[in-house]
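Residue numbers (full-length UniProt numbering): 1 to 159. Note that beta-carbon positions come from the ideal geometry of N, C-alpha and C, so glycine has one too. See structure below.
Structure, rendered in structure tokens:
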């Protein structure tokens, strides 16, 4: 049983470390610049939750990601040029029909940040439940086996 618990603990640690590396290190290591707002280079902003500089979201640029892409451009660091009129060009996603909303980008980082606590809680709950069931079964087996021995010995003495 103890080796199984150790295995689950290793799995839990591996998952937490893997997700932390995926979410926590999305900004490049050279995103810190002295003399800039909160020490972040242009194209980065300070994230108070993570207490580090992170890349601007798609459609934003400048110091602290304070500016939307200029008209006619869109995307990461505003590097893409729209092939439609400026009125139809969305700063995040590019050309789209006026009657429809621009598609929203679903970021893995946001999904993981929202679901990680629940996943960790669920994993811990399953591990604790498994351990409780295992301990309960061990206690039950220890109580049942002596009573079986007594019944067998009583039957042998009668025979």
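Sequence-distant residues of the same chain with beta carbon closer than 8 Å to residue i, five excluded per side
i: residue 47; result: 53, 54
i: residue 77; result: 43, 56, 61
i: residue 79; result: 73
i: residue 82; result: 72, 73, 74, 88, 89, 94, 95
Alpha carbon of residue i to alpha carbon of residue j, nearest angstrom
i: residue 86; j: residue 71; result: 6 Å
i: residue 88; j: residue 132; result: 60 Å
i: residue 66; j: residue 121; result: 36 Å
i: residue 129; j: residue 138; result: 14 Å
i: residue 15; j: residue 50; result: 19 Å
i: residue 118; j: residue 108; result: 16 Å
i: residue 135; j: residue 114; result: 33 Å
Helix, strand or coil at residue i [DSSP, three-state]
i: residue 72; result: coil
i: residue 94; result: strand
i: residue 11; result: helix
Cβ neighbours of residue i in the same chain (closer than 7 Å, five flanking residues each side left out)
i: residue 36; result: 63
i: residue 58; result: 75, 76, 92, 105
i: residue 84; result: 95
Assumed close pair residue i, residue j - CB separation to whole angstroms, cut-off 8 Å
i: residue 127; j: residue 8; result: 5 Å
Residues of its chain near residue i, where Cβ-Cβ distance is below 6 Å and the 5 sequence neighbours each way are ignored
i: residue 30; result: Per-residue confidence for residue 30 stands at a pLDDT of 47, beneath the threshold of 50, marking its modelled position as unreliable; the derived number appears in the next sentence. Correct list: empty, nothing qualifies.
i: residue 38; result: 46
i: residue 69; result: 59, 78, 91
Which full runs of the beta strand (DSSP E) of 3+ residues lie inside the stretch 41 to 86, going along the chain?
44 to 47, 52 to 55
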